[in-house]
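Below, the structure written as structure tokens:
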């Protein structure tokens, strides 16, 4: 039986519920309601609206003076949201806290923009606290005129603001062939999306005067690892940004304050944080971070190098690992994204991959940006496996792990895991990582 | 500078103004301050792998490097770089890449020896990067290469000799050739997903 239900009918049922003064949130009376109507829900929610909530008392908040407005403050989330945090892995635990990473709680992110305090982190030598008044950015090498910029210089240039995702090349590295991480935060949370504000790199390169022979540039950070990557000039001139803000405020220190490179759609580690230097040359440098790291093992013993692009990928964030669902209407929600362009379609399977249903995309659907998708579902209680699969504007279809395994060696430390990710739901409604 | 300014203004003129100089809304002029390469020496630390361009003067042997390693590196990397409390082994692994147990070390993985000098100088030791002298950095580089069986204990590593080493994995890299999966968008009667849970 097809468990997908008509969205219009679901909305009508929710409205009937509201008119009956019944809560649509997960409270005990709601659960009782669902239990009573579970059988009816299978065929279309005919029983919804029968039960009534208790009479509602005036809330205490209506009868008391609230907190005063402080003279100045930086606002924080409600104390009831204190569980929404970046978290380090408990799967592949590093022996130190300096060259490490923390994950965005994707299952708790609403909308497509990641709040600045939740943008994932990846550091190679801890987080420097750089005084913007002292920070300098240099362009040199194969240019007509080497230039140095202060932050106040840079802030005077015409700025652009663009919504883009950023994903670590190692996102999913613990979960290729067997379940290791439990939540979507740990399976996919090396992923964030923000409105980035800065200056097109091309503006500053034009000012320095690029030599016609320059084909690559070295970008280098001002951190203790002086993290550096070689980047093709073509991409730098095309859409790369020198960024100083995210989501309307200056970058957080852990995300590159006061200045970073931002390379849309490419693996996060090339968007060099704490950017201090671009040096133009006529070939790549072959540094440690583009040979001994951030390369992909191939079956013949070779390594794929300069594998910058993050290919199309999607994941269901609700319901996802460690959640528990109950029979009845469920909204399946997730994110899809592609470093090659925009998302054209997302399909969701509710039966382990045998059949797929096209999900609704929530606009605006933007280039190299997270796109939310949703599908209304009526879970009847049987165990099943759900997953999402996306198609991008180039026609590229998100592969399964089996598809990837046919062409790549997925043993050892690996990158660029964009495989279809299954969540198993058991009889009790418990959702678990089902990768294999 | 005058030329740069002209170029920048020309670049924006097509959008809203016919003459940038005539408009009160003209884009700001070029604001970068000219600098000369000799003034960037302290910042210009990159070393190019294939030819060693950027390697500084100085030299060191593995024998000298052992003392530097024991004092500066062993506490994290272990005695003789065999692995320590912060990082795994940096020795061996040559020939392991066709197996399921790939061991990534400077000896097995780096295609070019100058990159080892570059990384040690830019990032090590973790608590005090860029604190080693050029001679110390050459010496530690030589020591790690020696532990991996690639240079003799008394071979002097300098800008010329380091760039001349042929690393075992020099030809071990291919440039990104994706897309490589060619997945098909099946909607009905598709092959079930492989999962770790048996689905009824």
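Chains as they are written, first to last, in the working numbering: chain A, 5 to 440; chain B, 1199 to 1398. Where a beta carbon is used, it is the ideal one built from N, C-alpha and C, also for glycine. Every value quoted in this text rests on a predicted model; they were computed, and no experiment measured them.
{"Check": "Beta carbon proximity, residue 1238 (chain B) to chain A, threshold 8 Å", "Outcome": "yes"}
{"Check": "Euclidean distance between Cα positions of residue 257 (chain A) and residue 107 (chain A)", "Outcome": "16 Å"}
{"Check": "Beta-carbon spacing of residue 232 (chain A), residue 302 (chain A) below 8 Å", "Outcome": "no"}
{"Check": "Minimum length 4: unbroken alpha helix (DSSP H) runs contained in the region 54-91 of chain A", "Outcome": "none"}
{"Check": "Same chain, Cβ closer than 7 Å to residue 242 (chain A), neighbours up to 5 away in sequence not counted", "Outcome": "none"}
{"Check": "Sequence-distant residues of its chain with Cβ nearer than 8 Å to residue 132 (chain A) (five each side left out)", "Outcome": "226, 227, 228, 257, 278"}
{"Check": "Cβ neighbours of residue 427 (chain A) in the same chain (closer than 8 Å, five flanking residues each side left out)", "Outcome": "320, 323, 324, 325, 389, 390, 391, 435, 436, 437, 438"}
{"Check": "Identified DSSP bridge partners for residue 285 (chain A)", "Outcome": "A:220"}
{"Check": "For residue 373 (chain A), the three-state DSSP class (helix, strand or coil)", "Outcome": "coil"}
{"Check": "Delimiting residues of the alpha helix (DSSP H) encompassing residue 246 (chain A)", "Outcome": "Premise fails: residue 246 (chain A) lies in the beta strand (DSSP E), 245-250, not in any alpha helix (DSSP H)."}
{"Check": "Heavy atom of the ligand ADP within 7 Å of residue 1361 (chain B) beta-carbon", "Outcome": "The ligand content of the structure shown is nil, which means the ligand ADP is not present either."}
{"Check": "Uninterrupted alpha helix (DSSP H) stretches inside the region 1287-1330 of chain B (no shorter than 4 residues)", "Outcome": "1304-1307, 1312-1321"}
{"Check": "Distance CB(residue 161 (chain A))-CB(residue 93 (chain A)) smaller than 8 Å", "Outcome": "no"}
{"Check": "Contacts that residue 439 (chain A) makes with chain B (C-beta to C-beta distance below 7 Å)", "Outcome": "1394"}
{"Check": "Neighbour-count burial assignment, residue 1360 (chain B), 16 or more Cβ in a 10 Å radius", "Outcome": "buried"}
{"Check": "Closer than 9 Å at the beta carbon, the chain B residues around residue 372 (chain A)", "Outcome": "Those within 9 Å of residue 372 (chain A) in chain B number zero; the least Cβ separation is about 16 Å."}
{"Check": "Cβ pair residue 315 (chain A), residue 420 (chain A) closer than 8 Å", "Outcome": "yes"}
{"Check": "Cβ-based neighbour list, residue 348 (chain A), same chain, cut-off 7 Å, excluding 5 preceding and 5 following", "Outcome": "395, 396, 397"}
{"Check": "Status (buried if at least 16 other CB within 10 Å, exposed otherwise) for residue 67 (chain A)", "Outcome": "exposed"}
{"Check": "Contacting positions in the region 1336-1355 of chain B - beta carbon closer than 7 Å to chain A", "Outcome": "none"}
{"Check": "Rounded distance between the beta-carbons of residue 393 (chain A) and residue 351 (chain A), thought under 8 Å", "Outcome": "5 Å"}
{"Check": "Where residue 1372 (chain B) meets chain A, residues with beta-carbon distance less than 8 Å", "Outcome": "302, 306, 307, 308, 309"}
{"Check": "Which of helix, strand or coil DSSP assigns to residue 443 (chain A)", "Outcome": "With chain A represented from 5 up to 440, any question about residue 443 (chain A) goes unanswered, as that position is not in the structure."}
{"Check": "is_contact[residue 1383 (chain B), chain A] using C-beta, thresh 8 Å", "Outcome": "yes"}
{"Check": "Near-chain B residues of the region 344-374 of chain A (beta-carbon distance less than 9 Å), N- to C-terminal order", "Outcome": "344, 349, 351, 353, 355, 356, 357, 358, 359, 360, 361, 362"}
{"Check": "Close Cβ partners of residue 205 (chain A) (< 8 Å) along its chain, the five nearest in sequence each way excluded", "Outcome": "240, 241, 244, 245, 246, 265, 282"}
{"Check": "Test item: CB-CB of residue 1365 (chain B) and residue 1336 (chain B) under 8 Å", "Outcome": "no"}
{"Check": "Rounded straight-line distance, which links the Cα of residue 1252 (chain B) to that of residue 286 (chain A)", "Outcome": "14 Å"}
{"Check": "Interface residues of chain A facing residue 1334 (chain B) [CB-CB closer than 7 Å]", "Outcome": "Under the 7 Å cutoff, chain A gives no residues; its nearest Cβ is about 17 Å from residue 1334 (chain B)."}
{"Check": "For residue 386 (chain A) and residue 432 (chain A), the rounded distance between their alpha carbons", "Outcome": "9 Å"}
{"Check": "Residue 1156 (chain B) versus B:1316, B:1326, B:1373, residue with shortest Cα-Cα distance", "Outcome": "The structure shown does not extend to residue 1156 (chain B), since chain B is modelled only from 1199 through 1398, so no value can be given for it."}
{"Check": "Cβ contact check for the region 73-91 of chain A and the region 173-181 of chain A: 3 or more pairs under 8 Å", "Outcome": "no"}
{"Check": "Near-chain B residues of the region 174-196 of chain A - C-beta to any C-beta below 7 Å", "Outcome": "182, 183"}
{"Check": "Segment contact, 8 Å Cβ cut-off, at least three pairs: the region 142-157 of chain A with the region 368-375 of chain A", "Outcome": "no"}
{"Check": "Of the listed residues A:328, A:370, A:381, nearest to residue 186 (chain A) (C-alpha basis)", "Outcome": "A:328"}
{"Check": "Those runs of the alpha helix (DSSP H) which lie wholly inside the region 105-188 of chain A and span at least 4 residues", "Outcome": "155-158"}
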